[in-house]
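Protein chains in written order, with the working numbering: chain E, 329 to 651; chain H, 0 to 264. All residues carry an ideal CB built from backbone N, CA and C; glycine is no exception.
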C-alpha cells in the first residue's frame, strides 16, 4: 500500500499589488505534481527556493487546500478527511518558531501530548523516552527561550513523535543547524525510518538527500522534473564531468557569457564570502579546462579541478543551473 | 460525540488552561489588563464612594472585577488566535487532531479565570486600605453567578476571536469597544442612570446579565427571580454563542486553509 498518493496537485496564491488601485496577481506555487510514496519509504523532495516544496507539504499536512488535483495520506483525502489524517501524521517546518518559549521543553511536550490526545499516563513515559531519543535528556526542565536552534529543532522532532505517527513530514529540518547537530539529526531520521515510519523530507542539502532518501523527486517551478533513486539521478549525469574553478570575483556578464558556450551543459556558482566556486558541467571533461580559463581571462583564479558528478550536479542540471 | 471523547476534550481544556495561565503570568500586558487596570479602577471607585458604605464598596469591587473580565475577553481572548499566528504555533495547533475550538475554549477559560483574581484583589484592597468589612449577601447564589459568568464570557470569547481573525477591520475597533461596555453593562454604576434608549442595547450584551447576577447577589439588591432571569440569559447567550462559534470556526479554518493565512509568511 502507498502511504501517500498525489495526483495532479495544483496550488495558486493570490497576492495584491498597490494600495489605491489594488490589483490581484496570481502566483502558481504548485503547477502539476503527481507522485506516490510507499509505506516505510524515506522520500526526498528537492528544489530551489520557491519551487513549491513547502506548499506541497502544507497541502499534504492538511494546512492548505489544493486548487485542483487530489492527494491522500494513508488512504484519506487531504481535503475531506483532514481530521483522520491529522491523527496519523507528524510534521516539522524548519526554524525556531512553533514552540512556546516561555514554557519548559517538558511543558511544551505535555501540552502537545494532550492536544494529540495522548493518555496522560502514557504521555509521561513517552516524553521521557522522546527527550532521550532527541538528546535533550536533562534539559527538559529549562525554558525553551534559552534553547539553541538545534535544541529547538530536536524538541520539534520530539513534539511531532508524541502520538507515534505513521507518516512524518520534515520540511527542511536541518536548516540552520551546525554540522554536528545536523549529523545527529540525520541519525534520528534514519532511526525513525528503521521504525518503519514513512517520511517525506524536503531539503536543500544534496548530500543529505543522497545519504538518507530511498527516492528523490526534484521539483522546479511547481513541477516534478525528475523522480528516481539518488543513484538513478546521478546516472543521468554519468556522461558528464564537472570543472570546478575557484575565483575571487565573477562579474555577471562573464557568467552570462559562459552559459552561452557550446560545451557548457549547465553551470552554478557557490559563494564563499570573498571567493566563488564556479561549477561547469560538460561532456568534454578535462579538455574543456583551457576554454573555460580562456573565457575567464583577466580574472584571478585559484584552484581548478575536474571531478565526477554528484547528486548536486544532477540536481543543478535538472533545474537548469539555477542553484 | 461520546462521553469518552468529551472527557478527553475536558482533560485537554484543563491542560490548555493551565499552560495558558502559566504563560499569561509572564506577560506584562496581561498582568496590566487583568490585574493592574481593574485595581486602579477599584481604588478610584472606592475613593470616590467612600461615604456610601459597604454596599457601595462591594458594588465597586465586583464592578472593577467585571471590567477586568471584559478587558481580558476583548484583548486577550479576542487575540488568542492571532497571538498563536504571531508566535508561529497556529499551523501546529490547526494540524492537530483536537478540534481547534477546544483549544481556544481552554485558552479563554484561563483568561476568564485569571480575571476573577482582580475581583479578589479588589476585595482585599477594600478591606485593607478602606477598612470595609465586606460581605457577600447571597454567597451560594453569588458562586453560581460566577459560574454562569465564566461560561458566558468563555463562550462570548469564542465568537469574538474568529471574528477578529477574519475581519482585521473590526479588530481595529477593539479599543473603542472597551469603555462603552463598562458603561452599557452597568459594571460601575447602574444602567438605570443611563438614557432609556440604551437599555435594549444592554440587554443584548451577555456581560450585562453577568453584572446583574453578580451585583445582585453580592449586594443582595436583586430578587431571586431577577437573578434567575440573569442566569437564564447567560445560559441562553452561551448556547447561542457556542452555536455561532462552531460555525465561525469552521468558516475561519476553511478560509485560512484556502487563503493560506495560517502562517505569517
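Tell me, please, whether the CB atom of residue 159/H is closer than 9 Å to any CB atom in chain E?
By 1-based counting over the second chain, the position of residue 159/H is 160. Among the residues facing chain E, residue 159/H is not included, as its CB has no counterpart in that chain under 9 Å away.
Local conformation of residue 328/E per DSSP, three classes:
What is shown of chain E runs 329 to 651, which leaves residue 328/E out entirely.
DSSP state of residue 44/H mapped onto helix, strand, coil:
One-based indexing of the second chain puts residue 44/H at position 45. Three-state DSSP puts residue 44/H in a helix.
Anything in chain E within Cβ reach of residue 88/H, meaning under 9 Å, just list it in chain order.
Along the second chain, one-based indexing puts residue 88/H at 89. Here the neighbours are 425, 426, 427 and 428.
What residues from chain H crowd round residue 393/E, counting only those whose CB sits closer than 7 Å?
Locating residue 393/E in the first chain gives position 65, where the first residue counts as 1. Going along chain H in sequence order, the residues near residue 393/E (Cβ under 7 Å) are 256 and 257.
List the residues of chain E that residue 96/H touches, going by C-beta distances under 7 Å, in chain order.
Within the second chain, the letter at position 97 stands for residue 96/H. Residues of chain E passing the Cβ test: 411, 414, 415, 444 and 445.
Consider the Cβ of residue 91/H: report whether some Cβ of chain E lies at a distance smaller than 9 Å.
For the purposes of this step, residue 91/H is taken as residue 92 along the second chain, with counting starting at 1. Closer than 9 Å to some Cβ of chain E, the Cβ of residue 91/H qualifies, so yes.
Cβ-based neighbour list, residue 650/E, same chain, cut-off 7 Å, excluding 5 preceding and 5 following
To locate residue 650/E, count along the first chain from 1; it is residue 322. With a pLDDT of 44 at residue 650/E, under the threshold of 50, the predicted position of this residue should be treated as unreliable, though the coordinate-derived value follows. Hits under 7 Å: 376.
Rounded Cβ spacing between residue 444/E and residue 96/H (contact assumed at less than 8 Å)
Counting from 1 along the first chain, the entry for residue 444/E is found at position 116. Counting from 1 along the second chain, the entry for residue 96/H is found at position 97. A Cβ-Cβ separation of about 6 Å places residue 444/E in contact with residue 96/H under the 8 Å criterion.
According to DSSP, is residue 119/H helix, strand or coil?
Walking along the second chain from the start, residue 119/H turns up at place 120. The answer is helix: DSSP assigns residue 119/H an H, G or I state.
Could you name the residues of chain E that residue 102/H contacts, counting a contact when the two beta carbons are closer than 8 Å?
One-based indexing of the second chain puts residue 102/H at position 103. Chain-ordered, the chain E residues with CB closer than 8 Å to the CB of residue 102/H read 443.
Quick one: any contact between the region 581 to 591 of chain E and the region 616 to 623 of chain E, if contact means 3 or more CB pairs under 8 Å?
Output reads yes: the region 616 to 623 of chain E touches the region 581 to 591 of chain E.
Pull up the distance between the alpha-carbon of residue 552/E and that of residue 411/E, whole angstroms please.
Position 224 of the first chain, counted from the start, is the residue given in the question as residue 552/E. Position 83 of the first chain, counted from the start, is the residue given in the question as residue 411/E. Cα to Cα, the separation comes out at about 28 Å.
Can you name the residues of chain E whose CB is closer than 9 Å to the CB of residue 261/H?
Reading the second chain from its first residue, position 262 is the one you call residue 261/H. Neighbours of residue 261/H in chain E, taken as residues whose beta carbon is under 9 Å from its own, are 386, 391 and 392 in chain order.
Strictly below 9 Å CB to CB, what residues from chain E border residue 14/H?
The count along the second chain starts at 1 and reaches residue 14/H at position 15. Simply 438, 439, 441, 442, 443 and 448.
State the Cα-Cα distance for the pair residue 558/E and residue 13/H, rounded to the nearest angstrom.
If you number the first chain from 1, residue 558/E lands on position 230. If you number the second chain from 1, residue 13/H lands on position 14. Roughly 48 Å separates the two Cα atoms.
Across which residues does DSSP place residue 339/E in a beta bridge pair?
Taking the first residue of the first chain as 1, we reach residue 339/E at position 11. Per DSSP, 358/E.
Give me whichever residues DSSP pairs with residue 418/E in a beta bridge.
Within the first chain, numbered from 1, the residue matching residue 418/E stands at position 90. For residue 418/E, which the question treats as bridged, DSSP gives the partners 496/E.
What is the residue span of the alpha helix (DSSP H) that residue 607/E lies within?
In the first chain, counting from the first residue as 1, residue 607/E sits at position 279. That residue, residue 607/E, is in no alpha helix (DSSP H); its beta strand (DSSP E) goes 603 to 610.
Spatial neighbours of residue 37/H in its chain, beta-carbon cut-off 7 Å, leaving aside the 5 residues before and after:
Taking the second chain and counting its residues from 1, the one referred to as residue 37/H is at position 38. Closer than 7 Å at Cβ, skipping near neighbours: 63, 64, 66, 67, 117 and 121.
Within the same chain, show all residues whose beta-carbon is closer than 8 Å to that of residue 647/E, passing over the 5 residues directly before and after it, in chain order.
For the purposes of this step, residue 647/E is taken as residue 319 along the first chain, with counting starting at 1. Closer than 8 Å at the Cβ level, and outside the excluded window around residue 647/E, lie 375, 376, 379, 546, 548 and 553.
Completely contained alpha helix (DSSP H) runs for the region 178 to 244 of chain H, where each covers 4 or more residues
The region 178 to 244 of chain H contains these whole alpha helix (DSSP H) runs: 198 to 202 and 205 to 218.
List the DSSP bridge partners of residue 599/E.
Here residue 599/E refers to the residue found at position 271 when the first chain is read from its first residue. For residue 599/E, DSSP records a beta bridge to 604/E.
Which class does residue 146/H belong to by DSSP, given the choice of helix, strand or coil?
Your numbering for residue 146/H matches position 147 in the second chain. Secondary structure of residue 146/H (DSSP, three-state): helix.
Look at the alpha carbon of residue 189/H and the alpha carbon of residue 19/H, and state the distance between them as a whole number of angstroms.
Your numbering for residue 189/H matches position 190 in the second chain. Your numbering for residue 19/H matches position 20 in the second chain. Rounded to whole angstroms, the gap between the alpha carbons of residue 189/H and residue 19/H is 34 Å.
9 Å is my cut-off, CB to CB: does residue 0/H come that close to chain E?
The residue labelled residue 0/H in the question sits at position 1 within the second chain. It does not; no Cβ of chain E falls within 9 Å.
Measuring CB to CB, does residue 115/H end up less than 9 Å from residue 145/H?
Here residue 115/H refers to the residue found at position 116 when the second chain is read from its first residue. Here residue 145/H refers to the residue found at position 146 when the second chain is read from its first residue. With respect to the 9 Å criterion, residue 115/H and residue 145/H are classified as neighbours on the basis of their beta carbons.
Collapsed DSSP secondary structure at residue 100/H in the structure displayed
The residue labelled residue 100/H in the question sits at position 101 within the second chain. Annotated three-state conformation of residue 100/H is helix, per DSSP.
If the cut is a Cβ gap below 7 Å, which residues of chain E does residue 25/H touch?
For the purposes of this step, residue 25/H is taken as residue 26 along the second chain, with counting starting at 1. Chain order gives the chain E residues near residue 25/H as 430, where near means a beta carbon separation below 7 Å.
Give me the Cβ distance between residue 420/E and residue 488/E, rounded to the nearest whole Å; I'm assuming they're in contact under 8 Å.
Taking the first residue of the first chain as 1, we reach residue 420/E at position 92. Taking the first residue of the first chain as 1, we reach residue 488/E at position 160. The Cβ separation is near 5 Å, so the contact holds.
So, with DSSP's three-state summary, where would you put residue 641/E?
To locate residue 641/E, count along the first chain from 1; it is residue 313. Of the three classes helix, strand and coil, the one that applies to residue 641/E here is helix, per DSSP.
For chain H, is any of its Cβ atoms less than 9 Å away from the one on residue 591/E?
On the first chain, position 263 is the one that residue 591/E refers to. Cβ-Cβ to chain H under 9 Å: no for residue 591/E.
Where residue 460/E falls, given that 16 or more other Cβ within 10 Å makes a residue buried
As a first step, residue 460/E is located in the first chain; it is residue number 132 there, counting from the start. So residue 460/E ends up on the exposed side.
DSSP three-state call for residue 404/E: helix, strand or coil?
Stepping through the first chain from its first residue, residue 404/E is reached at position 76. Strand at residue 404/E.
Let me make sure I understand the geometry here. Which of 453/E, 629/E and 437/E has the alpha-carbon closest to that of residue 468/E?
Numbered from 1 along the first chain, position 140 holds the residue referred to as residue 468/E. For residue 468/E, the nearest C-alpha among the options comes from 437/E.
Taking all protein chains shown into account, decide if residue 598/E is buried (16 or more other Cβ within 10 angstroms of its Cβ) or exposed.
In the first chain, the residue the question calls residue 598/E occupies position 270. So residue 598/E counts as exposed.
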